[in-house]
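**Student:** My questions will all concern the structure given below.
Residue numbers (the numbering used here): 276 to 336.
This is the structure we're talking about:
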């Protein structure tokens with residue numbers, strides 16, 4: 276049986292995949308380091324293998 280943490284991570288990855296596809300970000304070198312839920316928005320801290328650390332802030336619409 277999968278843990279709750281695994282299920283949440285899968286859900287967040289699906290949301291991140293949808294948003295990156297929507298925005299046209301097609302970089303397979305992005306690794307997600309952490310996801311923070313601030314209530315009004317979600318902050319995704321990611322690492323691009325070819326670049327420095329990258330922060331993406333996703334606002335709720």
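Idealized CB from N, CA, C, for every residue including glycine.
So, using beta-carbon positions, are residue 307 and residue 324 closer together than 8 Å?
**Tutor:** To locate residue 307, count along the chain shown from 1; it is residue 32. To locate residue 324, count along the chain shown from 1; it is residue 49. It is not a contact, given that the beta carbons lie outside the stated cut-off.
**Student:** Kindly indicate which three-state DSSP category residue 235 falls into: helix, strand or coil?
**Tutor:** As displayed, the chain neither begins before 276 nor continues past 336, which places residue 235 out of reach and without an answer.
**Student:** Whole angstroms are fine: how far does the CA of residue 317 sit from the CA of residue 292?
**Tutor:** Position 17 of the chain shown holds residue 292. Position 42 of the chain shown holds residue 317. Taking the straight line joining both Cα atoms gives about 14 Å.
**Student:** Going by alpha carbons, who is nearest to residue 285 out of 322, 315 and 310?
**Tutor:** In the chain shown, the residue the question calls residue 285 occupies position 10. Checking every option, the nearest Cα to that of residue 285 belongs to 310.
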